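In the UniProt record's numbering, the protein residues as written are 1 to 69.
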């Protein structure tokens with residue numbers, strides 16, 4: 001839900017940048033902040049941030065082959 005809200009907010013900011021062409025510094029800064037938040041959420045979902053669990057986490061479940069180690 002948060003990802004959807006941030007995606008819509010980023011879309012609105014991009015549309016404002018294209019349509020209004022005013023206050024570009026503020027809008028581009030806001031767009032960069034929203035894009036960074038989206039990237040952090042995406043990396044957390046993948047398990048690539050410290051302390052997060054996901055499909056790309058470096059730890060894997062133990063199998064029968066790991067019992068002899």
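Note that CB positions come from ideal geometry on N, CA and C, so glycine has one too.
Being a predicted model, the structure only gives us computed values, none of them experimental.
Separation of residue j from residue i, as counted between CA atoms
| i | j | result |
| --- | --- | --- |
| residue 47 | residue 18 | 34 angstroms |
| residue 64 | residue 49 | 28 angstroms |
| residue 34 | residue 44 | 15 angstroms |
| residue 40 | residue 11 | 18 angstroms |
| residue 32 | residue 4 | 16 angstroms |
| residue 7 | residue 56 | 23 angstroms |
| residue 37 | residue 23 | 21 angstroms |
| residue 20 | residue 13 | 10 angstroms |
Exposure of residue i, with buried meaning 16 or more beta-carbon neighbours within 10 Å
| i | result |
| --- | --- |
| residue 15 | exposed |
| residue 29 | exposed |
| residue 54 | exposed |
Other residues of its chain near residue i: CB distance less than 7 angstroms, five sequence neighbours each side excluded
| i | result |
| --- | --- |
| residue 51 | none |
6 angstroms CB neighbourhood of residue i in its chain, flanking five on each side removed
| i | result |
| --- | --- |
| residue 27 | 13, 16 and 17 |
| field | Residue ranges of each alpha helix (DSSP H) within the stretch 7-37, 4 or longer | value | none
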